[in-house]
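Student: Residue numbers (this note's numbering): 1 to 388. Ideal Cβ placement from N, Cα and C applies to all residues, glycine included. To start, I am sharing the structure in question, which I have written as structure tokens.
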Ligand SMILES: *Cc1c(COP(=O)(O)O)cnc(C)c1O
């Protein structure tokens, strides 16, 4: 019997063999010419994947939370006002980060957890500005909710507010057109839809964000995150000239370049469509056996993960049974929802057979837990979507 489990959590995800091979290459000097070529190419490919040809890419060792902090640290000065469009746990985290850097934060919250604040509510708040910046969590991984970045960014531009998108669970999986939509800074981490092991904080900043940074009157209050230190490094690697500020995670950057190459080879449109298709099939399968999604509607549900309530009479012990069936899924992560729901990630290299295996394991675990349903109905519903 195989003892390998299928990892279906919202990050880290399963990585392609080519990406994992890059992790195992002999580590070169960070100043070697062949590494400068790889780093430079990865930075160029980030501009392509973020659809920000004029953007300034930053790749720094750290997790997604560092990427959030890099944006706040470099753009906020004490006393600046910031608006947070709240869709869950990671938006709450952004409030804490912005406040730590001295911002006065206003939050626009949705009517209920699982929903998104309306465009009208966000516009009302923006009218009471000016705000230095607004943050949008594209996909909030705690609620599984997707925000309408395109229309929110339009509002941000209308009210001359920098638009910051936390794309940690979206970039590489959900449609996001940074320059076309007027997003000023997009941030992500390696281990989610970009398909690279954890350890990279990734930021692409547009011209307006860089201008706001250059106009600062006070120094950035963290040394490690300061663009004053990182901008020359990124510019230099883009020119294939290695220089040192802090040792870059050589193998991770090698792996990033491989994964970005795979993303571009698949094509962004095709990749977004694959995520939508597999997500639709998975959600249809869960709904067919009577389970209820956390997002208030399908339109507000992300395609990179699914958040779903346990049915009546079933609790978090279900996850142990799903694991016995060979699949690792994740518990809930939103304080207001507690242990009432679980989360399944399906992004990156995910395939239709992963979706069907996971659904099969969930059905098996539910049947073993005494939940009464038409066994197989979920798989059939998913297959209908997959073959449509
Ligand atoms: C995972 C996640 C983060 C945090 O990333 P870490 O790498 O765990 O620090 C931030 N925002 C969103 C939307 C996420 O999904």
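Please state if the CB of residue 197 and the CB of residue 252 are separated by a distance shorter than 8 Å.
Tutor: In contact: residue 252 and residue 197 (Cβ atoms closer than 8 Å).
Student: Give the straight-line distance between the Cα atoms of residue 225 and residue 366, rounded to the nearest whole angstrom.
Tutor: Near 46 Å, if we compare the C-alpha coordinates of residue 366 and residue 225.
Student: Quick check on this structure: which residue in 343, 274, 146 has the alpha carbon closest to the alpha carbon of residue 297?
Tutor: When only C-alpha atoms are compared, the closest one is 146.
Student: Rounded to a whole number of angstroms, what is the C-alpha to C-alpha distance between residue 17 and residue 23?
Tutor: So the alpha carbons of these two residues sit roughly 10 Å apart.
Student: Run through the DSSP bridge pairs and tell me what residue 341 is partnered with.
Tutor: BP columns for residue 341 point to 309.
Student: How is residue 354 classed by DSSP in three states: helix, strand or coil?
Tutor: Residue 354 falls in the helix class under three-state DSSP.
Student: Rank 386, 207, 320, 309 by C-alpha distance to the C-alpha of residue 143 and give the top, closest one.
Tutor: Checking every option, the nearest Cα to that of residue 143 belongs to 309.
Student: Check for me: the alpha helix (DSSP H) holding residue 347 runs from which residue to which?
Tutor: That residue, residue 347, is in no alpha helix (DSSP H); it is neither H nor E in DSSP.
Student: Leaving aside the five residues before and after residue 442 along the sequence, list all residues of the same chain whose C-beta is less than 7 Å from its C-beta, in chain order.
Tutor: Residue 442 lies beyond the stretch modelled for the chain, which goes from 1 to 388, so this question has no answer here.
Student: With respect to the alpha helix (DSSP H) encompassing residue 96, which residues constitute its N-terminal and C-terminal limits?
Tutor: Note, residue 96: alpha helix (DSSP H), 89 to 100.
Student: Would you say the beta carbon of residue 331 comes nearer than 7 Å to a heavy atom of ligand 2?
Tutor: By its list of ligands, the structure shown excludes ligand 2, since it contains just ligand 1.
Student: Return the CA-CA distance between residue 139 and residue 10, expressed in angstroms with no decimal places.
Tutor: Taking the straight line from one Cα to the other gives about 11 Å.
Student: Which residues share a DSSP beta bridge with residue 331?
Tutor: BP columns for residue 331 point to 342.
Student: Taking the CB atoms as reference points, tell me whether residue 114 and residue 161 lie closer together than 8 Å.
Tutor: Contact flag unset, no.
Student: Cα separation between residue 51 and residue 178?
Tutor: Distance between the alpha carbons of residue 51 and residue 178 is about 6 Å.
Student: Please classify residue 79 as buried or exposed, where buried requires at least 16 other C-beta atoms within 10 Å of its C-beta.
Tutor: That one is exposed.
Student: Please go through the stretch 138 to 194 and give each complete alpha helix (DSSP H) segment of 4 or more residues, from N-terminal end onward.
Tutor: Counting whole runs of 4 or more residues, the stretch 138 to 194 contains the alpha helix (DSSP H) stretches 149 to 158, 178 to 181.
Student: So what's residue 286 in DSSP terms, helix, strand or just coil?
Tutor: If DSSP states are grouped into helix, strand and coil, residue 286 belongs with the helices.
Student: Check for me: the alpha helix (DSSP H) holding residue 263 runs from which residue to which?
Tutor: Element bounds for residue 263: 250 to 266.
Student: Can you tell me where the beta strand (DSSP E) holding residue 81 begins and where it ends?
Tutor: Looking at the DSSP string, the run of the beta strand (DSSP E) that includes residue 81 is 81 to 85.
Student: If you draw a straight line from the C-alpha of residue 354 to the C-alpha of residue 380, how long is it?
Tutor: The straight-line gap from Cα to Cα measures roughly 15 Å.
Student: Are the stretch 44 to 61 and the stretch 234 to 241 touching by the rule of at least three beta carbon pairs closer than 8 Å?
Tutor: The stretch 44 to 61 vs the stretch 234 to 241: in contact.
Student: With a threshold of 7 Å (Cβ to nearest heavy atom), would residue 193 be considered close to ligand 1?
Tutor: Answer for residue 193: no, Cβ out of range of ligand 1.
Student: Counting pairs of beta carbons, one from the stretch 211 to 231 and one from the stretch 64 to 74, are three or more of them closer than 8 Å?
Tutor: Because the criterion of three Cβ pairs below 8 Å is met, the stretch 211 to 231 and the stretch 64 to 74 touch.
Student: Can you tell me whether residue 387 is buried or exposed? The criterion is at least 16 other CB atoms within 10 Å of its CB, across all chains shown.
Tutor: Its Cβ having fewer than 16 others within 10 Å, residue 387 is exposed.
Student: Assign residue 131 to one of two classes, buried (16 or more other C-beta atoms within 10 Å of its C-beta) or exposed (fewer than that).
Tutor: Flag for residue 131 reads buried.
Student: What are the boundary residues of the beta strand (DSSP E) that includes residue 106?
Tutor: Taken as a continuous stretch (DSSP letters only), the beta strand (DSSP E) holding residue 106 covers 104 to 108.
Student: Taking 7 Å as the cut-off, is the CB of residue 113 close to at least one heavy atom of ligand 1?
Tutor: No, since every heavy atom of ligand 1 falls outside the 7 Å radius drawn around the Cβ of residue 113.
Student: If you count every other CB in all the chains shown that lies within 10 Å of the CB of residue 390, and 16 or more means buried, which is it?
Tutor: As shown, the chain starts at 1 and ends at 388. That puts residue 390 outside it, with no answer to give.
Student: Over what stretch of residues does the alpha helix (DSSP H) that includes residue 58 continue unbroken?
Tutor: That residue, residue 58, is in no alpha helix (DSSP H); its beta strand (DSSP E) goes 56 to 61.
Student: Does the Cβ of residue 396 lie closer than 7 Å to at least one heavy atom of ligand 1?
Tutor: Residue coverage of the chain in this structure runs from 1 to 388, which leaves residue 396 outside it and unanswerable.
Student: Give me the DSSP bridge partner(s) of residue 202.
Tutor: Paired residue(s): 59, 188.
Student: Should residue 25 go down as buried or exposed, given a rule of 16 or more other Cβ atoms within 10 Å for buried?
Tutor: Label assigned to residue 25: exposed.
Student: On the criterion of 16 or more Cβ atoms from any shown chain inside 10 Å, does residue 283 qualify as buried, or is it exposed?
Tutor: That one is buried.
Student: Helix, strand or coil, according to DSSP, for residue 280 in the structure here?
Tutor: In the structure shown, residue 280 sits in a helix (DSSP, three-state: H, G or I).
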